[in-house]
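In terms of the numbering used here, the sequence shown opens at residue 506 and continues consecutively.
Every residue gets a Cβ at the ideal spot worked out from N, C-alpha and C, and that includes glycine.
Nothing here was measured: the structure is a model prediction, and the numbers come from that model.
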Amino acid sequence: MFMAEELLIYTGDKMEQYQSLLPQIKIIIENETDLIANLANISACLKTQFNWLWVGFYLVKDDELVLGPFQGPIACTRIKKGRGVCGTAWQEMKTIIVTDVEKFPGHIACSSLSKSEIVLPIIRNNIVVGVLDVDSEHLGFFDEIDQGFLEEIVSWV
Ligand code: SME
């Protein structure tokens, strides 16, 4: 089985960092069929490249989002549909970018350090099966560049 020896980290602008990282992620996950293994490695790749405060997945189980593979501080384990940014992205089946978490009604603060956030639903056969959640300790950290590249990554899982 092929496995990358180590991730090559790029230090250019954000778009260049994604352009360097995405093909590496694709190689790492394309020969592995296990979902959890792939989500774990995607979390590690994103954390290693970008060093965000928190990056990881919640998976829909018994009509709740349940914490999956992630990198960062401990997080809340279950989120109901429509609750917080994650539950709202699930309910609305769309990516949500929050520039200031204090201004998002119902935001669930897993870490008091988190200031901005992006959540992307993982949609299969028109059903949300999970979300990718990224938190930053800086305000307004995520934009449509992150959305475009992260949506491409979630389309692979
Ligand atoms: N802030 C999220 C909860 C998950 S943690 O940030 C890891 C929310 O409001 O849904």
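- Beyond the five residues adjoining it in sequence on each side, residue 615 comes within less than 6 Å, by CB distance, of 580, 581 in the same chain, given in chain order.
- Of the residues assessed, residue 626 falls on the buried side of the cut-off, its CB having 16 or more other CB atoms within 10 angstroms.
- The closest CA to that of residue 619, considering only 511, 629, 603, is found on 603.
- By the neighbour-count criterion, in which a residue is buried when 16 or more other Cβ atoms sit within 10 angstroms of its Cβ, residue 557 is buried.
- By the CB criterion at 8 Å, residue 523 and residue 638 fall outside the cutoff.
- Around the beta carbon of residue 543, 16 or more other beta carbons sit within 10 angstroms, so the residue counts as buried.
- In the DSSP assignment, residue 584 is bridged to 570.
- Judged by their CB atoms, residue 571 and residue 633 are not nearer to each other than the 8 Å cut-off.
- Counting along the chain, the unbroken beta strand (DSSP E) around residue 628 starts and ends at 621 to 629.
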